[in-house]
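First up is the structure itself, then whatever we jot down about it.
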Amino acid sequence: MKNRMNAILTATINDCFERGILSRTSIPPYVIEIPNNPAHGHFATNVSMVLASSQRRRPTDIAKTIIDNLKDDQHLLESADIAGPGFINFRIRATEWCGLLTEIGNLKAEYGRNDAGKGEKVLVEFVSANPTGPLHLGHGRGAALGDTLCRILAFCGYDVAREFYINDAGAQVRLLGESVYSRFRQIKNPHYPFPENGYHGDYILDLAIAISQKMDLNKLPEEEAIAFCAQKGKEMMLQEIKADLSRFRVVFDTWSSETDLHQSGLLHDTLEMIREDGYLYEKDGATWLRTSPFGDDKDRVIRKKDGEFTYFASDIAYHLQKCGKGFTRAVNIWGADHHGYVPRIKAALSAHGISPNWLSVLLIQLVKLWEGGQEIRMSKRAGSFVTLRELMDAVGEDAVRFVFLMKNHDSPLDFDMDLVKKRDSDNPVYYVQYAHARACSIFRKAEAEGILMAGAPVDLSGGLILEEELAMIRAMADFPSLLMEICATLEPHRLTYYLTDLAALFHRYFNLGTKVPEYRVVTADAALTQARLALVEGVRTVIANGLRLLGIDAPEKM
RNA sequence: GCGCCUGUAGCUCAGUUGGAUAGAGCAGCGGACUUCUAAUCCGCAGGCCAGAGGUUCGAAUCCUCUCAGGCGCGCCA
């Protein structure tokens, strides 16, 4: 609908240029928006205001010229008025709005799909938790954000690949092995020392017991036993992580491993390539990458004095490898505590001639957990944390996903366990799901009375006349452009607000019928009933499509 | 000290990328089920958009500074 408005406006302005009514200038960027005040019509544009300076005329004059010469061949418009300092407010004819219901009825689950992405290849990397412990709330937030973003990008015509990068090399996996081995020995000898920075969670003991059942650790020399614990522990944690993610309805196309980077020689080759470019140098016995000319604060160490590579080294190899796969864009979802890392990795990319814009990093702010009015501090090392699995057990996958997606990723999120555990109805997700279930119940009612929806285009002789009805259709018309905006801004949380608004319009409408029988959907008037059923079917479809993109069930009964 | 993020109703947060009179939910008060699902709806109350300047037809939104909070600044991972 917005596109059709835009077509009319540009045609009108160009026509005015042709006929010399407006002096020929470039058209500055202007906005067609949905006013928040219904009295301002269905759409409003500021085009005459942004034209004012180049036309050297008053905005209201230009607005009048545009209105008097509107090229509305298809009779889309009901009215166009000048308002305020020079806005033009438009109203669309009711029959045009109702045409949308026919469109949704035909497209069904496909309504909202578009080709804004034009098949562009995008790689989205998210979660990427270390396989040294279970997923916690921060990972859950990243999983919900990344997964929903991918679903929406794919729906908008992007060619999306989802990747999980496994940091499975280096010291922390060794530390996992030491922690597990120590717990194993402590079964017999409680005084056996525990590594200083070891992982304290209860799951370490679970791992120790499970691993010792597969292999008699007492028979191995200590070093081998620790290595075995590290390897097995890593594998088992990864299985747990995959299981949790799967239950959370998150799937990945590729699992990329840091160990593979080392073993395949890719890390070595990448560094040699950079060395040939002239960005590596030796200092104090270590190897450094010259990142400071590319916006980083200082140069960074790639290989330590002791010969070990830093994480930065494998991250560079990993990201350069991503570029080689033909993706025109990459999105990373990281915890906000890694934000200092962004300029560094972009500098490394720049040094290799890759634009920093190729990579977008979404930083997720902290998830704080509250219980009994107190904040629960989370720390994997100290072993005190709430896992994603525990949260799913407590409130269900739907509620967890919805709550995580209600907030912008760069604002911190408070998760109140008491509220969410005790009173299900306080969960905003039920508000949206209930709207869907209600719509379904209307169809059950209609069916029970022997009324079936006709497949024919919506007949308006009965008329969808109520403002409440038009408001819903207008909201539904905005669904595709909302999805496109989400792709442009990478802000999927806007979908939860959209769905809540649409559900509110529907609940309000539904309640009209409890007061006034004529406002019910199923009435004695057959034509009106058909039109309203098409409306309800439209709402049901859009909510179902939106919930599907959020990865949330759309129940038919509640 | 430097950098990134945040500051909007009592609380948790939106705010269509610069638009018209700043919006929800929860908490509070008062109403609506003999009816298509009350997990709902309606009404009341609640605001110096942290503060001060600036940019322009127009600022919660953009720029500068100040204040407050979170996070990060390793040859750690």
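Position one of the first sequence corresponds to residue -14 (our numbering), numbered consecutively onward. C-beta atoms are modelled at their ideal positions from N, C-alpha and C, and glycine is treated no differently.
Who pairs with residue i in a beta bridge, going by DSSP?
| i | result |
| --- | --- |
| residue 117 | Note: residue 117 sits in no beta bridge, so no partner. |
| residue 150 | 241 |
| residue 66 | 74 |
| residue 320 | 349 |
| residue 30 | 17 and 73 |
| residue 313 | Its beta-bridge partners do not exist; DSSP assigns none. |
| residue 344 | 315 |
| residue 279 | Looking at the DSSP assignment, residue 279 forms no beta bridge with any residue, so it has no partner. |
| residue 372 | 121 |
| residue 144 | 106 |
| residue 294 | 288 |
What residue does the beta strand (DSSP E) around residue i start on, and which one ends it?
| i | result |
| --- | --- |
| residue 400 | 398 to 401 |
| residue 107 | 106 to 110 |
| residue 179 | No beta strand (DSSP E) holds residue 179; DSSP gives it neither H nor E. |
| residue 267 | 265 to 268 |
| residue 288 | 285 to 288 |
State the CB to CB distance for the pair residue i and residue j, rounded to an integer number of angstroms; the pair is presumed to be in contact (CB under 8 angstroms).
| i | j | result |
| --- | --- | --- |
| residue -11 | residue 27 | About 12 angstroms; that fails the 8 angstroms criterion. |
| residue 343 | residue 334 | 7 angstroms |
| residue 30 | residue -6 | 6 angstroms |
| residue 506 | residue 518 | 6 angstroms |
| residue 51 | residue 19 | Contact doesn't hold; Cβ gap of about 19 angstroms is too wide. |
| residue 336 | residue 262 | 7 angstroms |
| residue 495 | residue 423 | 6 angstroms |
| residue 112 | residue 124 | 5 angstroms |
| residue 126 | residue 389 | 5 angstroms |
| residue 466 | residue -13 | 6 angstroms |
| residue 480 | residue 535 | 6 angstroms |
| residue 371 | residue 377 | Between residue 377 and residue 371 the Cβ distance is about 11 angstroms, and since that is not below 8 angstroms, they are no contact. |
| residue 468 | residue 141 | 5 angstroms |
| residue 103 | residue 313 | The Cβ separation is near 10 angstroms, so there is no contact. |
| residue 25 | residue 68 | 6 angstroms |
| residue 243 | residue 299 | 5 angstroms |
| residue 182 | residue 160 | 7 angstroms |
Run the CB neighbour count on residue i, radius 10 Å, all protein chains shown included, and call it buried at 16 or more, exposed below.
| i | result |
| --- | --- |
| residue 16 | exposed |
| residue 543 | exposed |
| residue 14 | exposed |
| residue 195 | exposed |
| residue 274 | buried |
| residue 266 | exposed |
| residue 186 | buried |
| residue 502 | exposed |
| residue 515 | buried |
| residue 285 | buried |
| residue 121 | buried |
| residue 493 | exposed |
| residue 153 | buried |
| residue 397 | exposed |
| residue 4 | exposed |
| residue 92 | exposed |
| residue 177 | exposed |
| residue 324 | exposed |
Residue range of the alpha helix (DSSP H) that residue i falls in?
| i | result |
| --- | --- |
| residue 271 | Taken as a continuous stretch (DSSP letters only), residue 271 belongs to no alpha helix (DSSP H), being part of the beta strand (DSSP E) at 271 to 274. |
| residue 558 | No information on residue 558 is available, as it lies outside the stretch -14 to 543 that the chain covers here. |
| residue 255 | 251 to 262 |
| residue 216 | 207 to 232 |
| residue 200 | Residue 200 -> no alpha helix (DSSP H), and no H or E assigned at all. |
| residue 57 | From DSSP, residue 57 is part of no alpha helix (DSSP H); its letter is neither H nor E. |
| residue 383 | 382 to 389 |
| residue 91 | 79 to 92 |
| residue 3 | -13 to 3 |
| residue 326 | 326 to 336 |
Please go through the stretch 441 to 525 and give each complete alpha helix (DSSP H) segment of 4 or more residues, from N-terminal end onward. 452 to 462, 464 to 474 and 478 to 500
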